[in-house]
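Participant:
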Amino acid sequence: MYRGREGMWSWIFHRVSGVGVLLFLFIHIVDTALIGWGPGVYDAVTNIYHTWAIMRFGQFVLIAAVLYHSFNGVRIILIDFWPKGYQYQRTMFYGAMGLTVLALIPTGVLLLGPIFSG
Amino acid sequence: MSLARNAVQRRPGNNFELWSWYYFRISGVLLLFLTLGHVYVMHIATPIEQVNYAFVAARYAKPFWRTYDLLLLLRAMSHGVNGARLIVHDYLRSRGLRVFAYSVLYSAALIFTVLGALVILTFQPQAGA
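Going line by line, the protein sequences match chains V and F.
First residue of the first sequence: 1, per this note's numbering; consecutive thereafter.
First residue of the second sequence: 1001, per this note's numbering; consecutive thereafter.
1) For F1123 (chain F), name the three-state secondary structure that DSSP assigns.
2) Going straight from the alpha carbon of I76 (chain V) to that of G38 (chain V), what length do you get?
3) State the Cα-Cα distance for the pair P1047 (chain F) and V41 (chain V), rounded to the nearest angstrom.
4) Would you mind stating whether F57 (chain V) and L112 (chain V) have Cβ atoms separated by less than 9 Å?
5) I'd like the span of the alpha helix (DSSP H) that includes V45 (chain V), first residue to last.
6) Taking Cβ positions only, does G1037 (chain F) come closer than 9 Å to chain V?
7) Any C-beta of chain V sitting closer than 9 Å to the C-beta of A1007 (chain F)?
8) Quick one: does V1041 (chain F) have its CB under 9 Å from some CB of chain V?
9) Who are the near neighbours of A1109 (chain F) in its chain, counting only those whose CB is closer than 7 Å to its CB and skipping five residues on each side?
10) Helix, strand or coil: which one does DSSP assign to Y2 (chain V)?
11) Name, please, each residue of chain V whose Cβ falls closer than 9 Å to the Cβ of N1052 (chain F).
12) Between L1030 (chain F) and chain V, is the shortest Cβ-Cβ distance under 9 Å, so that the two count as touching?
13) Beta carbon of I79 (chain V), beta carbon of L104 (chain V): below 9 Å?
14) Anything in chain V within Cβ reach of G1116 (chain F), meaning under 8 Å, just list it in chain order.
15) I'd like to know if the stretch 1050-1068 of chain F and the stretch 1110-1127 of chain F are in contact, where contact means that at least 3 CB-CB pairs between them fall below 8 Å.
16) Could you confirm whether any beta carbon from chain F is found closer than 9 Å to the beta carbon of G18 (chain V)?
17) DSSP on N1082 (chain F), reduced to helix/strand/coil?
18) Of the residues F:Y1068, F:L1036, F:L1032 and F:H1079, which one's Cα is nearest the Cα of L22 (chain V)?
19) V1119 (chain F) touches chain V at which residues, Cβ-Cβ below 7 Å?
20) Which residues mark the beginning and the end of the alpha helix (DSSP H) in which W82 (chain V) is found?
21) Count the other CB atoms within 10 Å of the CB of S1107 (chain F); is the residue buried (16 or more) or exposed (fewer)?
22) Step through the CB atoms of chain B and report whether any lies within less than 9 Å of the CB of I54 (chain V).
23) Would you kindly work out how many angstroms separate the C-alpha atoms of M92 (chain V) and Q1124 (chain F), rounded to a whole number?
24) Assess, as a yes-or-no matter, whether the stretch 1010-1019 of chain F is touched by the stretch 5-16 of chain V under the definition of 3 or more beta carbon pairs within less than 8 Å.
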């Protein structure tokens, strides 16, 4: 019933996206702390985030993880606190996936667009 | 379906784990707004190319954004480390490895939280920047 079905995949994606976002939080604290060294250092670092294709792609993946973790988190809360929530867990999984993909369209245009247009 | 129903009834009995369970959900709702707001402001409303020293200096002239970022840091770190704690509990079986992993996790959480909070609270733009 559970294995290989939506419930299992939503749980795996939730864990993986959670760990990924936590790792980025550590990195993000360090890159932000470099602001103490002044505009020269900080602007060099933010420039890497802006211009390297791999960094723009990484930010796209990060936002995908944040979006999925957010929407699936709402699904988990609804399963736990809304008495009928568990009946709709499968529908809500596809809902969370759909919202994630939808929100990734403008994100992709903004973050990935400049990689291809130079 | 029956599994999902059981999951609803399987709220942790242990007091600490019960609070942890509630904390995930309460901090999760707050993070939904804090995180998506942060991503929206830094990536959609502002083209990321404009995020640089001058942008942060202007932003941090307002106490509102320092408060916002501090709340986001504390919420995200506690929610994330609580999740990592459960992952260590689930996948590391040997006692020694677990103690080691918890030590690394909690030390990193403390050091990075202090570093992040220091930057948010003490940043002063350089004159002329």
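Each residue gets a CB set at the ideal place from its N, CA and C atoms; glycine is no exception.
Facilitator: The structure says:
1) Coil.
2) Cα to Cα, the separation comes out at about 43 Å.
3) Computed Cα separation, rounded: 20 Å.
4) Cβ distance < 9 Å, so F57 (chain V) and L112 (chain V) count as in contact.
5) P39 to T51 is the span of the alpha helix (DSSP H), which, as asked, contains V45 (chain V).
6) No, G1037 (chain F) lies away from the interface with chain V (no Cβ there is under 9 Å from its Cβ).
7) Model confidence at A1007 (chain F) stands at a pLDDT of 49, short of 50, so the residue's coordinates are unreliable; what they give is reported in the following sentence. So, interface residue.
8) Put simply, the CB of V1041 (chain F) is far from chain V, with every gap to its CB atoms at 9 Å or more.
9) Excluding sequence positions up to five before and after A1109 (chain F), its CB lies within less than 7 Å of the CB of M1077 and V1081, all in the same chain and listed in chain order.
10) Three-state result, Y2 (chain V): coil.
11) The contacting residues are P39, Y42, D43, T46, N47 and H50.
12) Proximity of L1030 (chain F) to chain V, defined by a Cβ-Cβ separation below 9 Å, is not satisfied.
13) Judged by beta-carbon spacing, L104 (chain V) lies beyond the 9 Å limit of I79 (chain V), meaning their Cβ atoms are not closer than that value.
14) Going along chain V in sequence order, the residues near G1116 (chain F) (Cβ under 8 Å) are I29, T32 and A33.
15) Taking a cut-off of 8 Å on C-beta distances, the stretch 1050-1068 of chain F touches the stretch 1110-1127 of chain F, as three or more cross pairs fall below it.
16) Contact of G18 (chain V) with chain F is assigned, a C-beta pair being separated by under 9 Å.
17) Helix at N1082 (chain F).
18) Closest option to L22 (chain V), Cα to Cα, is F:H1079.
19) The answer, in chain order, is T32, A33, I35 and G36.
20) Counting along the chain, no alpha helix (DSSP H) covers W82 (chain V), and no H or E run does either.
21) Looking at its Cβ environment, which holds fewer than 16 other Cβ atoms inside 10 Å, S1107 (chain F) is exposed.
22) The structure shown contains no chain B; its protein chains are V and F.
23) So the two alpha carbons sit approximately 45 Å from each other.
24) Under the three-pair Cβ rule at 8 Å, the stretch 5-16 of chain V does not count as touching the stretch 1010-1019 of chain F.
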